[in-house]
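Worksheet: one structure, shown below.
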Amino acid sequence: MRAFRPAAAILSALLCASAVAGNAVPQTDWCKRLVPRLPGVSAQECQRSALVPTGAASLKGFPILLRDVPARNVKEPLRILLLGGIHGDELTAAAIVFQWLQWTGNAPANKFHWHVAPVVNPDGLLASKPQRVNANGVDLNRNFPTPGWKQDAPHYWARKTGSDPRRYPGATPLSEPESRWLNGEMERFRPQVIISVHAPYGVLDFDGPAKPPQRFGRLWFSRVGVFPGSLGNYLGVHKNIPVITIELPNALAMPSDAETRRIWNDMLSWIERNVPQKGAVPAKMPPVQRTAAAPQTAVR
9 MRAFRPAAAI LSALLCASAV AGNAVPQTDW CKRLVPRLPG VSAQECQRSA LVPTGAASLK
69 GFPILLRDVP ARNVKEPLRI LLLGGIHGDE LTAAAIVFQW LQWTGNAPAN KFHWHVAPVV
129 NPDGLLASKP QRVNANGVDL NRNFPTPGWK QDAPHYWARK TGSDPRRYPG ATPLSEPESR
189 WLNGEMERFR PQVIISVHAP YGVLDFDGPA KPPQRFGRLW FSRVGVFPGS LGNYLGVHKN
249 IPVITIELPN ALAMPSDAET RRIWNDMLSW IERNVPQKGA VPAKMPPVQR TAAAPQTAVR
């Protein structure tokens, strides 16, 4: 019987893996689940998005989906990571990324190499009532390992937000599968600019080593603050990667088609003018170093 123990162990592992996979949402069900929560996105648009599972999943087993859109006829294209739905109750932040994804293959966007993840927090989006936090009650945009996180994040949460459960940073940085996936994606893809879409402040925010954009469509540049554990703080302030935060004016109602197009076109123009295509990011992301942060001006 001893001779069969290794095989039995392998079989057991395979069965466990199958059980975990069985909890994931089937591919044919992704759009069926997502579309009712995405204002202005049709089932056909969702299916045309050609998103594929990254191998990572949310706490409830919904796959984190990504589309890789290579550049056309460009030897060393700029790498752009486009993110939506980090906060699950900001429905338009995910929906507009689905729309923009349809345009990444068109000029001038097709000179860039895109990684697009429209729904970083699927459990928050798909909750019975969409919620900002993930299924573990963690605000993913407070869960990144900024310097001093263990002291700063709990202190800020308690003192500045009154321990608001919608802004709970988690017990430790990168405690959540969704934030761990995103951190790993940044290490793998090494983006030279990151675009993160939120709502409903109706402004642009920016962190990082480039000239801030002044206007995309009707959205004007206005600092909303730098927070312990936020994506902009982690990557823009401490990793020196430009991070554009687009705050749409409404979390439930999409901008007009014309405004959606204007924001997109203005964003592409800003990237072309302000983000160098060579030498912007070393082969490996540098270690985090503490630098002076901008004043915290809002509870985002």
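Here the sequence shown stands for residues 9 to 308, where the numbers follow our numbering.
C-beta: ideal position from N, C-alpha, C; glycine also.
* In angstroms, rounded to a whole number, what distance separates the CA positions of PRO250 and ASP76? -> If you number the sequence shown from 1, residue 250 lands on position 242. If you number the sequence shown from 1, residue 76 lands on position 68. Those two C-alpha atoms are separated by around 20 Å.
* Asked: Rounded to whole angstroms, how far is the Cβ of ALA161 from the Cβ of GLY244, which I believe are closer than 8 Å?
  -> On the sequence shown, residue 161 is found 153 positions in, with the first residue counted as 1. On the sequence shown, residue 244 is found 236 positions in, with the first residue counted as 1. That pair is no contact at about 17 Å.
* Asked: Buried or exposed: ALA179, going by 16 or more other Cβ atoms within 10 Å of its Cβ?
  -> Here residue 179 refers to the residue found at position 171 of the sequence shown. Flag for ALA179 reads exposed.
* In terms of residues, what are the limits of the beta strand (DSSP E) holding SER264? -> Position 256 of the sequence shown, counting from 1, holds the residue named residue 264. Where SER264 is concerned, there is no enclosing beta strand (DSSP E), given that its DSSP letter is neither H nor E.
* Minimum C-alpha distance to ASP37 - residue among LEU73, ALA64, GLY48 -> Along the sequence shown, one-based indexing puts residue 37 at 29. Among LEU73, ALA64, GLY48, the Cα nearest to that of ASP37 is on LEU73.
* Asked: Just how far apart, CA to CA, sit TRP108 and GLY156?
  -> The count along the sequence shown starts at 1 and reaches residue 108 at position 100. The count along the sequence shown starts at 1 and reaches residue 156 at position 148. Distance between the alpha carbons of TRP108 and GLY156: 36 Å.
* Check whether the Cβ atoms of LEU91 and VAL201 sit closer than 8 Å, and answer yes or no. => As a position in the sequence shown, residue 91 is number 83, starting the count at 1. As a position in the sequence shown, residue 201 is number 193, starting the count at 1. In this structure, VAL201 does not lie closer than 8 Å to LEU91 by Cβ.
* With DSSP run on the structure shown, which of helix, strand or coil describes GLN249? -> Taking the sequence shown and counting its residues from 1, the one referred to as residue 249 is at position 241. One point to set straight first is that residue 249 is Ile, not Gln, in the sequence displayed. Here ILE249 sits in coil by DSSP.
* Asked: With a CB to CB cut of under 7 Å and the five nearest residues on each side skipped, what residues in its chain are close to ALA102?
  -> Against the sequence shown, residue 102 aligns to sequence position 94. Answer for ALA102: LEU46, GLY92, GLY93, PRO126, VAL127, LEU133, listed in chain order.
* Quick check: the segment 216-232 against the segment 268-286, are there 3 or more CB pairs under 8 Å? -> yes
* Taking 8 Å as the threshold, find out whether the segment 258-267 comes into contact with the segment 185-204 through three or more Cβ pairs. => no
* Within its chain, find whatever has a CB closer than 7 Å to the CB of ASP274; leave out the 5 residues flanking it on each side and keep chain order. => Counting from one through the sequence shown, the residue named residue 274 turns up at place 266. Hits under 7 Å: ARG223, PHE224, GLY225.
* To do: Have a look at TRP122, ASP265, ILE88, GLY69 and flag the residue whose alpha-carbon is nearest the alpha-carbon of VAL49.
  => Residue 49 sits at position 41 when you count from the first residue of the sequence shown. Taking only the C-alpha atoms, the option nearest VAL49 is ASP265.
* **When ASN282, ALA207, LYS40, LEU89 are compared against ASP97, the one with the closest alpha-carbon** => The count along the sequence shown starts at 1 and reaches residue 97 at position 89. The shortest Cα separation from ASP97 among ASN282, ALA207, LYS40, LEU89 belongs to ALA207.
* Asked: Going by DSSP, which residues form a beta bridge with ASP215?
  -> Translated into positions along the sequence shown, residue 215 becomes position 207. Partner(s): VAL251.
* **Three-state secondary structure (DSSP) of ASP76** => Position 68 of the sequence shown, counted from the first residue, corresponds to residue 76. Reduced to three states, the DSSP call for ASP76 is strand.
* Starting from PHE229, follow its DSSP beta bridges and name the residues at the other end. => Here residue 229 corresponds to residue number 221 of the sequence shown, with the count starting at 1. Its beta-bridge partners are LEU212.
* **Backbone secondary structure at ILE279 - three-state DSSP** => Along the sequence shown, read from residue 1 onward, the residue named residue 279 stands at position 271. Here ILE279 sits in helix by DSSP.
* Using beta-carbon positions only, say whether PRO153 and TYR242 come within less than 8 Å of one another. => Along the sequence shown, read from residue 1 onward, the residue named residue 153 stands at position 145. Along the sequence shown, read from residue 1 onward, the residue named residue 242 stands at position 234. Yes, Cβ-Cβ distance for PRO153 and TYR242 is below 8 Å.
* From which residue to which residue does the alpha helix (DSSP H) around PRO185 run? -> Reading the sequence shown from its first residue, position 177 is the one you call residue 185. Taken as a continuous stretch (DSSP letters only), the alpha helix (DSSP H) holding PRO185 covers 185-197.
* **Alpha-carbon to alpha-carbon, VAL283 and ASN248** => As a working mapping, residue 248 is identified with position 240 in the sequence shown. As a working mapping, residue 283 is identified with position 275 in the sequence shown. In a straight line, the C-alpha of ASN248 is about 12 Å away from that of VAL283.
* Asked: From GLY113 to GLY216, what distance separates their C-alpha atoms?
  -> Here residue 113 corresponds to residue number 105 of the sequence shown, with the count starting at 1. Here residue 216 corresponds to residue number 208 of the sequence shown, with the count starting at 1. Taking the straight line from one Cα to the other gives about 27 Å.
* Asked: Which class does GLY244 belong to by DSSP, given the choice of helix, strand or coil?
  -> Reading the sequence shown from its first residue, position 236 is the one you call residue 244. Three-state result, GLY244: helix.
* Limits of the unbroken alpha helix (DSSP H) element including THR154 -> Taking the sequence shown and counting its residues from 1, one reaches residue 154 at position 146. Careful: THR154 lies outside any alpha helix (DSSP H) and carries neither H nor E.
* To do: Give the straight-line distance between the Cα atoms of THR169 and GLY240, rounded to the nearest whole angstrom.
  => As a position in the sequence shown, residue 169 is number 161, starting the count at 1. As a position in the sequence shown, residue 240 is number 232, starting the count at 1. If you take the alpha carbons of THR169 and GLY240, they lie about 19 Å apart.
* Asked: Who are PRO236's beta bridge partners in DSSP?
  -> Within the sequence shown, the letter at position 228 stands for residue 236. Looking at the DSSP assignment, PRO236 forms no beta bridge with any residue, so it has no partner.
* Asked: Which partner residues does PHE224 have in the DSSP bridge list?
  -> Looking up residue 224 in the sequence shown gives position 216. Partner(s): LEU227.
* Asked: DSSP three-state call for THR180: helix, strand or coil?
  -> The count along the sequence shown starts at 1 and reaches residue 180 at position 172. Residue state, collapsed to three classes: coil.
* Asked: How many Å lie between ALA79 and HIS163 at the Cα?
  -> For the purposes of this step, residue 79 is taken as the residue at position 71 of the sequence shown. For the purposes of this step, residue 163 is taken as the residue at position 155 of the sequence shown. Using only the alpha carbons, I get a separation of about 43 Å.
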